[in-house]
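J.:
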Amino acid sequence: MLRINQTFRRDHSHILRCFSDLSASKQDKKNDNNNGIDPRVWPIATSTFITGSAIGVALPVMPLFAAELGLSTAEFGLVGSTFGAARLLSNPPLALLSEHVGRRQFLTWGPGITALSMVGTGLSGSLTALLGWRVLSGVGGSMQMTGGQLYLSDISKPENRARTMAPMTAAFSAGASIGPAIGGVLATQFGIAPCFYYVGGAIAVTGMMNFFLLPETKSHSEEDGVKNKSISETWQTWVRLSKDKNVRLIMLS
Numbered sequence: 006m007l008r009i010n011q012t013f014r015r016d017h018s019h020i021l022r023c024f025s026d027l028s029a030s031k032q033d034k035k036n037d038n039n040n041g042i043d044p045r046v047w048p049i050a051t052s053t054f055i056t057g058s059a060i061g062v063a064l065p066v067m068p069l070f071a072a073e074l075g076l077s078t079a080e081f082g083l084v085g086s087t088f089g090a091a092r093l094l095s096n097p098p099l100a101l102l103s104e105h106v107g108r109r110q111f112l113t114w115g116p117g118i119t120a121l122s123m124v125g126t127g128l129s130g131s132l133t134a135l136l137g138w139r140v141l142s143g144v145g146g147s148m149q150m151t152g153g154q155l156y157l158s159d160i161s162k163p164e165n166r167a168r169t170m171a172p173m174t175a176a177f178s179a180g181a182s183i184g185p186a187i188g189g190v191l192a193t194q195f196g197i198a199p200c201f202y203y204v205g206g207a208i209a210v211t212g213m214m215n216f217f218l219l220p221e222t223k224s225h226s227e228e229d230g231v232k233n234k235s236i237s238e239t240w241q242t243w244v245r246l247s248k249d250k251n252v253r254l255i256m257l258s
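Okay, structure coming up:
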């Protein structure tokens, strides 16, 4: 009997290996499907591409616009710094706010605020007005990017998070690279102020697209308390850092 069992196992070992390989193949295929990219990534990547190209349009136009307003070099530098500072300082509180109002609102409100600020920029007639609109533009851009990153984090897992985040980053870089060329053509054909109106219209389209294509991903679960605690701790750390003299010098430099 022992000899028969050994003979059976030897003769059918290849069949057992086939079943084992088939099972492993099915499991690998299941894992690949689970680690794929969620299709909701592509509307965010598309809107980010449009936003990146729209912001890029303003780059070659802004110095010409500043010259029309009669701004000095120092004042023009202040305008540029204001936009970046607004984005930097608004990121932590906006991340905290997003945990309460959701991601979809940020992906809708952010482009709307940015669109309004771009139109206001084109209508600006003084340094004060221009600075105010640039602050609003920075906050709107921060809202969209924060909402997009949190949205992608919600629909991804650790195994596919890098692949999920990559299209958004690549889309913004691609848009920002072709935007200045478009801005130069628009400024030559239509003038400086209309470029800002074009930017505002393009970004408004992204807000509407996000509104219709992206469902909310923020869930109200037991994990929310843990997330809110983590964000609260991050905010407290940010506040402590902002009180440090050296950190403030780095931020202002």
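The working numbering applies: residue 6 is where the sequence shown begins, and numbers increase by one.
All C-beta atoms in this analysis are idealised placements derived from N, C-alpha and C, irrespective of residue type, glycine included.
All figures in this text were calculated on a predicted structure; none of them were measured in a lab.
If we ignore side chains and look at the alpha-carbon of each, how far apart do residue 90 and residue 143 end up?
T.: Rounded to the nearest angstrom, the two C-alpha atoms are 8 Å apart.
J.: From residue 106 to residue 178, what distance separates their C-alpha atoms?
T.: About 28 Å.
J.: To the nearest angstrom, how far is the alpha carbon of residue 161 from that of residue 149?
T.: Cα-Cα distance, rounded: 18 Å.
J.: Whose C-alpha, out of 212, 139, 76, is nearest the C-alpha of residue 86?
T.: Measuring from the Cα of residue 86, the nearest candidate turns out to be 139.
J.: Does the Cβ of residue 116 have 16 or more other Cβ atoms within 10 Å, making it buried, or fewer, making it exposed?
T.: Flag for residue 116 reads buried.
J.: So residue 58 is in the alpha helix (DSSP H); what residue range does that whole segment cover?
T.: Residue 58 -> alpha helix (DSSP H) spans 46–74.
J.: Excluding the 5 residues flanking residue 26 on each side, which residues of the same chain have their C-beta closer than 6 Å to its C-beta?
T.: Confidence at residue 26 is low in this model, with a pLDDT of 47, below 50, so its placement is unreliable and the value that follows should be read with caution. Excluding residues within five positions, none has a Cβ falling inside 6 Å.
J.: Between the segment 119–126 and the segment 156–176, can you find at least three pairs of beta-carbon atoms closer than 8 Å?
T.: The answer is no - the segment 119–126 does not touch the segment 156–176, with fewer than three Cβ pairs under 8 Å.
J.: Which residues in the same chain as residue 109 place their Cβ atom closer than 6 Å to its Cβ, once the five residues preceding and following it in sequence are excluded?
T.: So the list reads 219, 221, once near-sequence residues are dropped.
J.: Is residue 104 helix, strand or coil when you go by DSSP?
T.: Residue 104 falls in the helix class under three-state DSSP.
J.: Using alpha carbons as the reference points, say which of 66, 56, 78 lies closest to residue 180.
T.: The option with the nearest alpha carbon to residue 180 is 56.
J.: Below 8 Å, can you find three or more Cβ-Cβ pairs linking the segment 52–67 to the segment 184–200?
T.: Cβ pair count under 8 Å is three or more, so yes.
J.: Determine the closest residue to residue 46 out of 201, 74, 213, 155, with distance taken between C-alpha atoms.
T.: Per the Cα distances, 155.
J.: Count the other CB atoms within 10 Å of the CB of residue 193; is the residue buried (16 or more) or exposed (fewer)?
T.: Exposed, by the Cβ-count rule.
J.: Straight-line CA distance for residue 203 to residue 129?
T.: If you take the alpha carbons of residue 203 and residue 129, they lie about 16 Å apart.
J.: When the distance is taken between beta carbons, is residue 61 closer than 8 Å to residue 147?
T.: In this structure, residue 61 does not lie closer than 8 Å to residue 147 by Cβ.
J.: According to DSSP, is residue 219 part of a helix, a strand, or is it coil?
T.: Looking at residue 219 - three-state DSSP - the assignment turns out to be coil, as it is neither helix nor strand.
J.: Relative to the C-alpha of residue 75, which candidate in 132, 43, 82, 50 has its C-alpha closest?
T.: The candidate whose alpha carbon is nearest that of residue 75 is 132.
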